[in-house]
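Down below is the structure, laid out as structure tokens.
There are 2 protein chains.
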Amino acid sequence: MSTHPLSEIRAILFDVFGSVVDWRTSLITDLTAWSAARGWTADWAGLVDDWRGAYAPSMDRVRKGELPWTILDELHRSTLADLARKYGLPNLSDAELDHINRGWHRLQPWPDSVAGLARLKTRYIIGPLSNGNVALLVNMAKGAGLPWDVICSTELFAHYKPDPETYLGAAKLLGLAPQQVMLAAAHNNDLAAARACGLATAFFPRPSEYGPRQVRDYAADQAWDVVAADIGDLASRMGC
Amino acid sequence: MSTHPLSEIRAILFDVFGSVVDWRTSLITDLTAWSAARGWTADWAGLVDDWRGAYAPSMDRVRKGELPWTILDELHRSTLADLARKYGLPNLSDAELDHINRGWHRLQPWPDSVAGLARLKTRYIIGPLSNGNVALLVNMAKGAGLPWDVICSTELFAHYKPDPETYLGAAKLLGLAPQQVMLAAAHNNDLAAARACGLATAFFPRPSEYGPRQVRDYAADQAWDVVAADIGDLASRMGC
């Protein structure tokens with residue numbers, strides 16, 4: 154049941170990894186081409202899937218206080234060092250590992266993302282609300298052509314989603330009440346946390362985000378304020 | 154003497170009030186039209202000049218710890234309440250005072266700003282580095298068409314310029330070394346503080362910023378890394 158009159162919405166913030174950009178295809182394509190140009194191959198699909206698999210546990214270490222606040226670039230870099238050994242790439246230089254790590258800055262959008270965001274930008278403040286750090290999100294936006302009005306990284310709050318500090322902090326930074334802000338995402342758990350903080354919610358599915366490992370988020374599992382087919386459809390439903 | 158190879162620059166951050174937007178003309182024009190539509194007049198030029206005159210002292214109260222961290226919207230609003238009495242406007246409602254206060258969100262750019270920024274955006278990360286709070290800067294960018302890649306408000310650091318935490322904090326957020334970041338401003342004192350933190354610097358004059366009260370910043374008072382005529386000329390000098 155919708156609790157939000159959509160006419161109150163002033164800002165639409167997006168989950169990014171998987172929702173706006175196709176991290177899996179982007180990374181596998183980018184790194185396969187990069188190593189091929191150097192004359193070698195690796196199981197990039199396996200490495201990338203394991204890398205993403207380490208994402209939530211690494212943030213949980215910060216959330217539980219086992220690590221001090223650590224930006225996502227550094228969590229990614231730490232995980233990558235382990236995976237390079239596992240995948241038989243022990244001889245990569247620090248510069249090469251840094252290049253691979255910055256693959257997360259080079260992610261490419263889903264086909265509907267840029268046009269849909271451009272339409273939404275005409276009526277709403279749009280931005281990411283992502284666990285990516287500010288530099289990652291800025292570089293990604295430059296490379297992918299994402300026309301954000303503001304970069305809301307959870308780095309600004311020194312908390313990772315789904316901690317409430319992130320959703321409430323974003324609304325406060327924008328000078329808006331929670332109900333004036335919508336979180337748009339392909340992940341039901343992110344939307345549930347945003348709703349618990351009073352934000353409006355919009356779901357659209359990305360059924361190929363995890364490739365063969367996808368096990369959930371094929372459909373809305375609550376009656377979110379908007380359920381759309383993709384970001385273009387979200388723009389239509391939001392009057393753009 | 155330039156200490157910065159300009160080829161290292163990755164991001165150009167701008168002072169905003171006076172450098173990118175013409176706060177004085179914008180506010181006087183906006184508020185004169187607004188009160189005229191309601192059938193009354195006021196000495197808006199006097200009020201606006203006094204309002205801006207209270208800007209640095211109000212931030213100094215935060216800097217000295219007399220006030221806890223307070224965003225610029227709130228400092229402006231507090232000063233405005235006093236000025237409304239001084240200028241014979243004691244009967245304004247809270248909603249009317251809020252509308253006047255949000256005049257700072259509605260500032261308009263100098264004629265060269267938008268086109269110059271669009272050129273710089275093709276090669277550099279561009280953003281404000283302003284004492285305006287995030288909401289103010291986001292709303293201003295939407296209204297004035299400023300094509301920022303990132304909103305670096307000093308609110309993110311809970312320090313006002315020229316505290317070093319602001320210049321160094323912006324570079325850190327962008328994942329850049331200070332020498333990879335340029336501050337561009339029409340104010341020599343802002344540039345001096347940025348240079349002391351290791352940032353590159355660019356000056357361009359805005360000789361009518363303060364109207365008849367202008368007493369300084371007609372020209373560069375140090376050998377900044379770039380001295381330009383305006384933001385369009387800065388774009389040319391930066392290879393855009």
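Chains as they are written, first to last, in the numbering used here: chain A, 154 to 393; chain B, 154 to 393. All C-beta atoms, glycine included, are put in the ideal place defined by N, C-alpha and C.
Taken in chain order, the complete beta strand (DSSP E) segments of 3 or more residues contained in the stretch 340 to 367 of chain A are 353 to 356.
If only uninterrupted beta strand (DSSP E) runs of at least 3 residues are considered, none is enclosed by the stretch 191 to 216 of chain B. Under the DSSP assignment, A:Ala297 falls outside any beta strand (DSSP E), being part of the alpha helix (DSSP H) whose first and last residues are 287 to 297. Three or more Cβ pairs closer than 8 angstroms define a contact, and the stretch 290 to 300 of chain A falls short of that threshold against the stretch 330 to 337 of chain A. For B:Arg230, the closest C-alpha among the options B:Val215, B:Leu245, B:Ala237, B:Asn254 is that of B:Asn254.
Listed along chain A are Leu309, each with a C-beta nearer than 8 angstroms to that of B:Leu309. For A:Ala288, the nearest CB of chain B lies under 7 angstroms from its own CB, placing it at the interface with that chain. Less than 7 angstroms divides the Cβ of A:His258 from the Cβ of A:Met293. A distance below 7 angstroms separates the beta carbons of B:Ser266 and B:Ile384. Residues of chain A whose Cβ lies closer than 8 angstroms to the Cβ of B:Leu327 are, in chain order, Val287, Ala288, Val291.
The C-beta of B:Val174 comes no closer than 7 angstroms to any C-beta of chain A.
Here A:Trp204 is buried. Its C-beta has 16 or more other C-beta atoms within 10 Å. Per the coordinates, the alpha-carbon of B:Asp235 lies some 20 angstroms from the alpha-carbon of B:Pro221. Close to B:Ala271, with beta-carbon spacing below 8 angstroms, lies no residue of chain A; the smallest spacing is near 13 angstroms. At a cut-off of 7 angstroms between beta carbons, B:Val215 makes no contact with chain A.
B:Pro358 is positioned such that its CB atom lies closer than 7 angstroms to that of B:Ala339. For the stretch 237 to 259 of chain B, the set of positions with a beta-carbon nearer than 7 angstroms to some beta-carbon of chain A is empty. Flagged as an interface residue toward chain B: A:Ile304, by a C-beta distance shorter than 7 angstroms. In its chain, beyond the 5 residues on either side, Ala339, Arg359, Glu362 have a beta carbon closer than 6 angstroms to the beta carbon of A:Gly171. In this structure A:Tyr313 is buried. Its beta-carbon is surrounded by 16 or more other beta-carbon atoms within 10 angstroms.
Less than 7 angstroms divides the Cβ of A:Ala164 from the Cβ of A:Ile278.
Against chain B, the CB of A:Ile278 has a partner CB under 7 angstroms away; the residue lies at that interface. Residue B:Asp196 holds the alpha-carbon nearest to the alpha-carbon of B:Arg238 among B:Val380, B:Ala271, B:Asp370, B:Asp196.
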